[in-house]
Amino acid sequence: MRIIMMTRFYLNGQTTHVLDLCHALQKRGHRVFLIASRLDHPAYARWLQEKGIPFNRTDRPTDLVHYLRRLRFDVIHNHSAHTLDAALQLGSLLEIPVIATCHYLDFEPVNLLRRTHAVVAISEEMAAQLPLPTQQIRIVENGVPIPAAVEWHNRSREAVVLARVDQSRSTAYGQAVDALLELGWRVSIAGGWRHPGAHAVGWTINPNKLLQRARLVLGTGRAIREGMAAGCVGLVVGDYMDGIVTPANVETLRRTNFSGRTGKQTPSPERFRSELAKLQSWNLGDLMMFSRTYAKKHFDINKMADAMASIYREAGGKGKTA
Numbered sequence: 019m020r021i022i023m024m025t026r027f028y029l030n031g032q033t034t035h036v037l038d039l040c041h042a043l044q045k046r047g048h049r050v051f052l053i054a055s056r057l058d059h060p061a062y063a064r065w066l067q068e069k070g071i072p073f074n075r076t077d078r079p080t081d082l083v084h085y086l087r088r089l090r091f092d093v094i095h096n097h098s099a100h101t102l103d104a105a106l107q108l109g110s111l112l113e114i115p116v117i118a119t120c121h122y123l124d125f126e127p128v129n130l131l132r133r134t135h136a137v138v139a140i141s142e143e144m145a146a147q148l149p150l151p152t153q154q155i156r157i158v159e160n161g162v163p164i165p166a167a168v169e170w171h172n173r174s175r176e177a178v179v180l181a182r183v184d185q186s187r188s189t190a191y192g193q194a195v196d197a198l199l200e201l202g203w204r205v206s207i208a209g210g211w212r213h214p215g216a217h218a219v220g221w222t223i224n225p226n227k228l229l230q231r232a233r234l235v236l237g238t239g240r241a242i243r244e245g246m247a248a249g250c251v252g253l254v255v256g257d258y259m260d261g262i263v264t265p266a267n268v269e270t271l272r273r274t275n276f277s278g279r280t281g282k283q284t285p286s287p288e289r290f291r292s293e294l295a296k297l298q299s300w301n302l303g304d305l306m307m308f309s310r311t312y313a314k315k316h317f318d319i320n321k322m323a324d325a326m327a328s329i330y331r332e333a334g335g336k337g338k339t340a
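So this is what it looks like as structure tokens:
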């Protein structure tokens with residue numbers, strides 16, 4: 019398949035998702051062209067070049083129509099509300115279908131979503147809330163790269179905050195970090211936020227090395243999936259908190275994409291202390307092994323890429339090969 023991938027660049031998990039999907043599709047024999055408007059981060063541009071993924075930073079994708087027409091693409095896959103209208107215009111000019119992934123519940127231009135061939139929801143929760151015909155909706159959960167092997171024996175008592183922490187979330191994450199520090203944990207923060215007593219590492223394109231030396235990951239959505247894939251226990255905290263990911267609750271928390279919206283508990287110092295106290299009574303090593311095993315089975319980005327390729331073929335590329 020020949021796929022045009024479209025998004026607007028931000029330093030967030032959505033961008034990481036799009037880039038990893040491009041790479042996974044490419045490794046599986048598909049041809050991908052990425053249009054990432056406002057991609058102004060040199061490290062991401064280098065990563066794309068190293069992986070051999072062609073890309074363009076334009077804010078006006080329709081200006082590329084003559085070039086793209088010569089390459090005979092099969093489908094457009096859009097990931098951002100900011101680029102959906104342009105994706106539909108480009109799809110009309112190229113006469114190819116448009117698929118849109120909704121990464122957030124508050125996706126605004128529903129009228130534009132109705133004009134796509136299919137809308138991909140990243141969770142059961144999102145699929146249930148989209149005001150669209152059920153036959154237009156497909157559920158494909160976010161996948162992450164699964165490390166081939168992880169180191170278990172030399173991990174320190176370290177927790178990683180893997181999140182973009184804005185002002186609305188800083189209190190909750192601050193409470194979580196303080197609770198960890200009280201118990202003697204070392205805390206690293208990836209994402210630009212800082213907190214007294216924690217080690218700030220800034221934004222990182224590939225957090226795997228950081229995660230593979232830790233035992234606990236704090237965040238939501240993709241961060242929990244990446245952490246579990248690296249063998250970390252997940253602690254779900256965002257606007258709300260759902261606490262430690264365990265064999266008993268993982269299926270329920272997964273339905274809301276580890277967002278904290280399952281129980282919608284308000285974060286507090288007492289709740290964080292209570293969750294961390296559970297780790298004292300559980301076998302942390304067993305829980306880490308469970309996280310890794312579950313992620314390998316359910317979160318593999320290659321499975322996600324195959325699911326997306328099936329939707330692409332359904333949309334308009336039946337019978338075509340890379």
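Residue numbering for the sequence shown follows my numbering, beginning at 19 and increasing consecutively. Backbone N, C-alpha and C define an ideal beta-carbon position, used for all residues, glycine too.
Can you grab the Cα-Cα spacing for the pair residue i / residue j, in whole Å?
| i | j | result |
| --- | --- | --- |
| V116 | W211 | 36 angstroms |
| E142 | P151 | 15 angstroms |
| F317 | N160 | 7 angstroms |
| Q153 | A333 | 13 angstroms |
| N30 | R291 | 28 angstroms |
| R240 | A208 | 14 angstroms |
| G337 | A99 | Residue confidence is low: G337 scores 36 on pLDDT, short of 50, so the model does not pin down where it sits. No coordinate-derived value is stated. |
| A105 | I140 | 20 angstroms |
| F276 | D257 | 12 angstroms |
| T25 | C120 | 11 angstroms |
| L229 | Q67 | 25 angstroms |
| R78 | T101 | 9 angstroms |
| L130 | R175 | 48 angstroms |
| G252 | M259 | 11 angstroms |
| Y28 | H41 | 18 angstroms |
Looking only at C-alpha atoms, which of the options sits nearest to residue i?
| i | options | result |
| --- | --- | --- |
| P287 | T134, A190, R132, H48 | A190 |
| H213 | L198, N224, N226 | L198 |
| A54 | K45, H48, H35 | H35 |
From which residue to which residue does the alpha helix (DSSP H) around residue i run?
| i | result |
| --- | --- |
| F41 | A quick correction: the sequence has His, not Phe, at residue 41. Note, H41: alpha helix (DSSP H), 31-45. |
| E176 | Taken as a continuous stretch (DSSP letters only), E176 belongs to no alpha helix (DSSP H), being part of the beta strand (DSSP E) at 176-180. |
| T101 | First-last for T101: undefined, no H or E at that position. |
| L86 | 83-89 |
| V195 | 185-200 |
Using DSSP bridges, identify the partner residues of residue i.
| i | result |
| --- | --- |
| Q283 | M259 |
| L253 | L236, I262 |
| N74 | I53 |
Starting from residue i, trace the beta strand (DSSP E) in both directions and tell me its first and last residue.
| i | result |
| --- | --- |
| S277 | Neither: S277 is in no beta strand (DSSP E) and is coded neither H nor E. |
| T119 | 116-120 |
| R204 | 204-208 |
With a threshold of 6 angstroms (Cβ to nearest heavy atom), would residue i be considered close to the ligand PLP?
| i | result |
| --- | --- |
| T80 | In terms of ligand content, the structure shown is empty, and the ligand PLP therefore cannot be addressed. |
I think residue i touches residue j, with their Cβ atoms under 8 angstroms apart; what is that distance to the nearest whole Å?
| i | j | result |
| --- | --- | --- |
| L236 | V219 | Not a contact, Cβ separation roughly 14 angstroms. |
| R87 | R75 | At roughly 20 angstroms, the Cβ-Cβ gap does not stay under 8 angstroms, so R87 and R75 are not in contact. |
| L43 | A327 | 7 angstroms |
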